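Trainee: In the UniProt record's numbering, the protein residues as written are 1 to 825.
What follows is a structure written as structure tokens; I'll ask about it next.
Now the structure itself:
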């Protein structure tokens, strides 16, 4: 990431055509010398910290050459210069998220070649009476004090697919002329529009129409999935009026994005809905969320982000593990609060923009915080405030609740920070996940309520009586009075073969393993030993006993919560976790039993009766890939221990991943150093040996690549001499053969010629991409699956470069395609 000022010497590159400097930490003023670049076709300076004004000599840019100009997400000031209108070939213009003054909209509305216009946070009084931008595809004029009605001439822009006029002062209705448009998305949030919602809106809008925070009548019932009109100004007023002037509450605690937790002696309410608008069951609070992430990869399900143990150094881990995230505007309402002053405490942690693999660590999340209409935080950046990610930050504010008994907390992205350009709109990069986020909200009265005990006081008394009982139980446990029968008194709920439930005591499970007899051992790994359990009803289970040195120092309820989360995972290429038990020094995971055992046994043990022909091997490769794709991209879980011992086979030789998610249950400072067997270290990504001991999806991809080589070759990844002093490494051999163009020499000789040559080449080339030393150059598992399913070739795997490149068509042709292709369609 670049920092410092833009060198003025760049102005000497007279034949420079494209300049991309976005997503950096550049500061200072724009050098006037850049105005000499008359060959410039693209100037992209978005998402930096540039300041000052747009230089006057930028008017020297060639009027028939410059096609792309973006300074979005900076700190530029002054008036927007009128000479921009002279760039007659300009197709893309983005000025949003700065501190510009008034903007002459009528000038830009006559730039006939303009296809993309993004403007926010400037002063624009009204729409021009006329417009000549019929090629426009994307139009955003957000938070610009724009008043009056929506002009009917917008309906003449037949190319328009994206319209954002949110957070202005627009009045009237939606013009009928707009029903001629083929819009994908329309945002009219936060205006004063009224009247009926036209019936054509849900029919004509392809993906999403957000009309919330207006005065519309009830909208059409059809299209509710993509039409959002709640809350409107009346619905908030209705919830406020339900108090009837009789307040009920003197406190409010919300676990934003979470399932509810207890922290600092207070019970934080669950807030796990994924809708745009939600009202709590007690009607004591509600939230609303508006905006759009811009990428098809992300939708309303990403309004909640779960990061297991993301903030492990915090006493409030559970509070920060889940976060509510909104693309543009997030508002919380507290209802029926007593009149008076309150302390509002907000809990933040940047748990989204943190990954190297998806480049989200480049993201800058900047937003404002308003409490009771007063801006308390401006241009707030969590990462800057705490100097990094996964660190917590809290701040107390004082707010006054008046006669309406309503408290409003508003988080709003004014446009600074990361601005996602349309060229990224179909990218899965987590850079899309911009917008305000918050982990928790605490509201407590600065006064005593004289109307009897408050709910929090009642809860405190109840908790006190329960606590006394718990103290007595804890004392009895410590004295050994409860331990003797404890393993008989509790039960483990285990999912049955037909989906029904069975109950076993921990003692019954232990007895079924013959008290963890070595004869019942069927596998072992980084986190513990797996035993076969033979139950009295002849059912077999696989029981993992987690090593005490790996077990996390966390509460029983928290561990049970993690186990419940892993039990909910359901995929044909995952071993089903059926149940678990966690208490003191005994931690058990109960899994379904795999008849064919592990891939390790099938491939490498001499006494194995399992035969793996080419079809079986290829299907196993594909099954592992599909399982990892599910974990990585649907559940955001890193496996952390991919090797043949943790890949199980059922009777039909379907591959199933086991031992997944154990990183959330176990502590391990350095997996590379903690692995006792040398043979197991070859599956660990090389970045671990360099001190980067953090499990990532790209480390899983590396391990997967090593396993692919073993499956195709039928050879273990490391063969040691008897004295353990020397070894032959499969990866070394594969690298040499790959460089010499003889990679097929690696295929297992047992297969003779009875294998698919094309498939073998595909798998081997894919394996070499997976074991790349650079994590960022390894493919995503979705790409791996696409290759194995013959949808793309290994050569078509992206390497993270979303920018256009020069090819046989030249730079201009490449950029023309970017400007011509509608990113949403």
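Here a beta-carbon is modelled for each residue, glycine too, at the ideal position from N, C-alpha and C.
Bear in mind the structure is a predicted one, so any value in this text is a computation, not a measurement.
Suppose contacts are defined by Cβ-Cβ distances below 8 Å. Is residue 181 in contact with residue 197 by that definition?
Mentor: No.
Trainee: Could you tell me the alpha carbon to alpha carbon distance between residue 249 and residue 338, rounded to whole angstroms?
Mentor: 6 Å
Trainee: Given that a residue counts as buried once 16 or more other Cβ atoms are within 10 Å of its Cβ, and exposed if not, what is residue 186?
Mentor: buried
Trainee: Here's the rule: buried if 16 or more other CB atoms are within 10 angstroms of the residue's CB, otherwise exposed. What is residue 79?
Mentor: exposed
Trainee: Any idea which residues DSSP pairs residue 51 with across the strands?
Mentor: Residue pairing for residue 51: DSSP places it in a beta bridge opposite 29, 75.
Trainee: What do you reckon, are the CB atoms on residue 49 and residue 74 nearer than 8 Å?
Mentor: Taking 8 Å as the Cβ cut-off, residue 49 and residue 74 qualify as a contacting pair.
Trainee: Taking the Cβ atom as the reference point for each residue, do residue 126 and residue 103 lie within a distance shorter than 8 Å?
Mentor: With contacts defined as CB atoms closer than 8 Å, residue 126 and residue 103 fail to qualify as a contacting pair.
Trainee: What's the C-alpha gap between residue 368 and residue 269?
Mentor: Whole-angstrom Cα-Cα distance: 24 Å.
Trainee: Would a C-beta distance cut-off of 8 Å place residue 731 and residue 770 closer than the cut-off?
Mentor: no
Trainee: Taking only the alpha-carbon atoms, compute the straight-line gap between residue 795 and residue 17 and give it to the nearest angstrom.
Mentor: 28 Å
Trainee: Would a C-beta distance cut-off of 8 Å place residue 511 and residue 595 closer than the cut-off?
Mentor: no
Trainee: State buried or exposed for residue 15, treating a residue as buried only when at least 16 other CB atoms are found within 10 Å of its CB.
Mentor: exposed
Trainee: The beta strand (DSSP E) spanning residue 171 covers which residue range?
Mentor: 169 to 172
Trainee: Which partner residues of residue 140 appear in the DSSP bridge assignment?
Mentor: 118, 164
Trainee: Can you find the residues in the same chain that come closer than 6 Å, C-beta to C-beta, to residue 323, ignoring five residues on each side of it along the sequence?
Mentor: 257, 305, 351, 437, 439
Trainee: As a quick exercise: from 381, 630, 633, 523, pick the residue whose alpha carbon is nearest that of residue 593.
Mentor: 523
Trainee: With a cut-off of 8 Å on the beta carbons, I'd call residue 713 and residue 763 a contact; round off their distance for me.
Mentor: So it is not a contact: roughly 11 Å between Cβ atoms.
Trainee: Just curious, the alpha helix (DSSP H) that residue 758 is in, first and last residue?
Mentor: 757 to 770
Trainee: Taking just the CA atoms, how far does residue 53 sit from residue 5?
Mentor: 15 Å
Trainee: Any chance the stretch 327 to 336 sits against the stretch 373 to 390, with 3 or more Cβ pairs inside 8 Å?
Mentor: no
Trainee: Please confirm if the stretch 530 to 542 is in contact with the stretch 501 to 520, defined as three or more CB-CB distances below 8 Å between the two stretches.
Mentor: yes
Trainee: Go ahead and pull the three-state DSSP assignment for residue 256.
Mentor: strand
Trainee: State the DSSP-derived secondary structure class of residue 625, mapped to helix, strand or coil.
Mentor: helix
Trainee: Could you give the distance in angstroms between the alpha-carbon of residue 378 and the alpha-carbon of residue 639?
Mentor: 39 Å
Trainee: Since residue 201 sits in a beta bridge, which residues does DSSP pair it with?
Mentor: DSSP output for residue 201 lists no bridge partner at all.
Trainee: Which residues in the same chain have their Cβ closer than 7 Å to the Cβ of residue 514, if we skip the five residues on either side of it in sequence?
Mentor: For residue 514, where only same-chain residues beyond five positions count, the Cβ hits under 7 Å are 520.
Trainee: Looking at chain C, is there any beta carbon in it that lies within less than 8 Å of the beta carbon of residue 107?
Mentor: In summary, chain C is missing from the structure at hand, where a single protein chain is found.
Trainee: Would you report the Cα separation of residue 58 and residue 32, rounded to the nearest angstrom?
Mentor: 7 Å
Trainee: Would you mind stating whether residue 179 and residue 159 have Cβ atoms separated by less than 8 Å?
Mentor: no
Trainee: Where does the unbroken alpha helix (DSSP H) through residue 604 begin, and where does it stop?
Mentor: That run of the alpha helix (DSSP H) goes 599 to 604.
Trainee: Considering only their Cβ atoms, is the gap separating residue 85 from residue 100 smaller than 8 Å?
Mentor: no
Trainee: In the structure shown, what three-state DSSP assignment does residue 334 receive?
Mentor: Under the three-state reduction of DSSP output, residue 334 falls in the strand class.
Trainee: Assuming residue 170 and residue 261 form a contact by the criterion Cβ under 8 Å, report the distance between their Cβ atoms to the nearest whole angstrom.
Mentor: Between residue 261 and residue 170 the Cβ distance is about 41 Å, and since that is not below 8 Å, they are no contact.
Trainee: How is residue 129 classed by DSSP in three states: helix, strand or coil?
Mentor: coil
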